[in-house]
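The structure appears right after this line, and notes come after that.
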Amino acid sequence: MSDFQILIESILQLLITGVLVGALYGMMCVGLAMIFGIMRVINFAQGDFMMLGMYATYFAFGAFGIQAFFGAELGAYVAVMAAAPAMFLFGWIIHRLMIRRVTGTRTVGMEAEGHYAQLILTLGIALILQNGAMILFGADLVSIRTPLSSDAWALEPFGESMPILLFFNKSRVLTALFSAVAIIGLWLLIQRTFLGKSLRAAADNAEAATYMGINVDKSHRVAFAIGTAVTAMAGGLLATNYPFSPFVGLEYVIIMYAGVVLGGIGSVIGAFWGGMLIGLIQQFSTLVLPTQLQNATIFVCFLLVVMLRPQGLFGRNVERT
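Start counting the sequence shown at 0; every next residue gets the next number (numbering that gives the first Met the number 0).
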């Protein structure tokens, strides 16, 4: 195989991996966009909600018999769907007991519109979740290993004319498809239902939405619960390929915020494409840089976008969710 063929094979393989990983990042970012875009809450605990989703999926897969009933291959994805309602309820409770006190119409008159209180509150929630998970689950790395994680489809796109072999990891392909279906379903919910209209109205102008008879507090609670569940589902899917511990959230919450800003604050679909872009940048950076500098490359691109197009690549200055 010539050097040119090796280069083409490497680029195409990185493109495939970037798209598959980026789809999962996009799902994480969409979960945050539901909270950050609609409620304007800077949620430092979002990565730890993802971590809880990973553990919820892990225990649903093993401890509750899903693996035995559905098998090792399908069971992991059933466990992700089983964990989602529990995480939705968890997000609902967290908002009902704490987050609502520093958001919505209650922020009128508060310094910096309540953002200082939100930062401290969500940081405290993050620390409690991290240390609570450490006490309950320990610090050892765990993962959901399925036969699909170590298996791949092989494809020769150019046939015998150019002997290039590309690999599609089966677990990552199914994860990407799962993410795409979830995002399409969420987009339809936001665009086509009365609930979605309420969420968009609450995001655009909470005071005006209140005058129109919309319960802004309830809309924010639903948005927070959906955002928690979506990010938790992304964590469960991630757990099928990567080991995790109680402190895994910190690594990914930065990626989530970068993806939301890259895509355009307030745009759910933009957040998905922002996460996709991060996956591609992360993979292609390995062509010229060591793996340890992948995240540095992401933030170089992030700073360029903030400088040249502060509204994000896929957003507009007036666009909201």
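Think of the CB as a built atom: it goes at the ideal place given N, C-alpha and C, for glycine as much as any other residue.
Asked: Identity of the residues DSSP links to N168 by a beta bridge; Found: A151
Asked: Stretch-stretch touch, CB-based, cutoff 8 angstroms, three pairs: the region 59 to 67 with the region 87 to 105; Found: no
Asked: Straight-line gap, L288 to T296 (C-alpha atoms, nearest Å); Found: 9 angstroms
Asked: Touching by the beta-carbon criterion (3+ pairs, under 8 angstroms), the region 129 to 136 and the region 257 to 270; Found: no
Asked: 7 angstroms Cβ cutoff met for I124 and Y57; Found: no
Asked: Selected residue, minimal CA-CA separation from Y251, among F223, M306, V215, V20; Found: V20
Asked: Straight-line gap, L122 to I98 (C-alpha atoms, nearest Å); Found: 12 angstroms
Asked: Proximity test, A208 beta-carbon vs the ligand MG heavy atom, cut-off 6 angstroms; Found: In the structure on display, the ligand MG does not appear, and there are no ligands present to speak of.
Asked: Reduced DSSP category for F243 - H, G, I as helix; E, B as strand; rest coil; Found: strand
Asked: Euclidean distance between Cα positions of R319 and L96; Found: Here the model assigns R319 a pLDDT of 45, short of 50, so the residue's position is not dependable, and the following value carries that caveat. Computed Cα separation, rounded: 27 angstroms.
Asked: Whole-angstrom distance between G258 and G274, CA atom to CA atom; Found: 5 angstroms
Asked: DSSP three-state assignment for V40, whether helix, strand or coil; Found: coil
Asked: CA-to-CA distance, A205 to Q291, given in whole angstroms; Found: 43 angstroms
Asked: Minimum length 4: unbroken alpha helix (DSSP H) runs contained in the region 40 to 97; Found: 45 to 61, 65 to 96
Asked: E250, enclosing alpha helix (DSSP H) - first and last residue; Found: 248 to 262
Asked: Start and end residues, alpha helix (DSSP H) containing F271; Found: 267 to 283
Asked: Touching by the beta-carbon criterion (3+ pairs, under 8 angstroms), the region 6 to 22 and the region 165 to 184; Found: yes
Asked: F313 to T239 span [Cα, whole Å]; Found: 30 angstroms
Asked: C-beta atoms of A83 and A222 nearer than 7 angstroms; Found: no
Asked: Proximity below 7 angstroms, CB of M321 to CB of T230; Found: With the chain running from 0 to 320 in the structure shown, residue 321 is simply not present.
Asked: Where F3 falls, given that 16 or more other Cβ within 10 Å makes a residue buried; Found: exposed
Asked: Limits of the unbroken alpha helix (DSSP H) element including F298; Found: 293 to 307
Asked: Exposure label - G234; buried when at least 16 CB within 10 Å; Found: buried
Asked: C-beta contact flag for M38 and T102 at 7 angstroms; Found: yes
Asked: C-beta atoms of L118 and M255 nearer than 7 angstroms; Found: no
Asked: DSSP three-state assignment for V287, whether helix, strand or coil; Found: coil
Asked: CB of A207 within 7 angstroms of CB of A201, strictly; Found: no
Asked: For V141: DSSP bridge partner residues; Found: F243
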